[in-house]
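Only one structure is covered here, and it is reproduced in the block below.
In the numbering used here, the protein residues as written are 1432 to 1532.
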C-alpha cells in the first residue's frame, strides 16, 4: 500500500465515484508528454497528458479493466473539461479531453 501511496502523490490522481470527476496533477512545464497508471479499486488503466501547439493539454484516459464513469476531467492547478460523451468508459476504450489553461 505504501508503494501505491507514492504513485498517488507523484501523479495527483483522484477519482470521485460520487461526482465522476477524474483528477490528475499538472505535468512539469518543460515536459511535452507524461504517462501514468491509475486505479480506483474496481477498474484500472493509464492516463497521459500531451501538450498541444495551442497551449492546451490533451488528457487521454485508457481503461484496461472494468468501467469508469467520467463526467469531468480535471488537471489540478490547470483547468477542467467535460468529455464529449460523459458517462461510463468501458475496458478497451480510451477517451481524449482537451483542457485549456
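Beta carbons: idealized from backbone N, C-alpha and C, even for Gly. All figures in this text were calculated on a predicted structure; none of them were measured in a lab.
Would DSSP call residue 1500 helix, strand or coil? strand
Would DSSP call residue 1513 helix, strand or coil? coil
What separation, rounded to the nearest whole angstrom, lies between the Cα atoms of residue 1432 and residue 1469? Reliability of the predicted coordinates at residue 1432 is poor, the pLDDT of 49 falling under 50, and the value obtained from them is presented with this limitation in mind. Distance between the alpha carbons of residue 1432 and residue 1469 is about 14 Å.
For residue 1453: DSSP bridge partner residues: 1446 and 1504
Going by the CB atoms, is the gap between residue 1457 and residue 1523 shorter than 8 Å? no
Return yes when the Cβ of residue 1512 is within less than 8 Å of the Cβ of residue 1530, no when it is not. yes
Starting from residue 1476 and walking both ways along the beta strand (DSSP E), at which residues does that stretch end? 1475-1482
Under three-state DSSP, which class holds residue 1440? In this structure, residue 1440 counts as helix in the three-state DSSP scheme.
Are the CB atoms of residue 1528 and residue 1504 nearer to each other than 8 Å? Cβ atoms of residue 1528 and residue 1504: closer than 8 Å.
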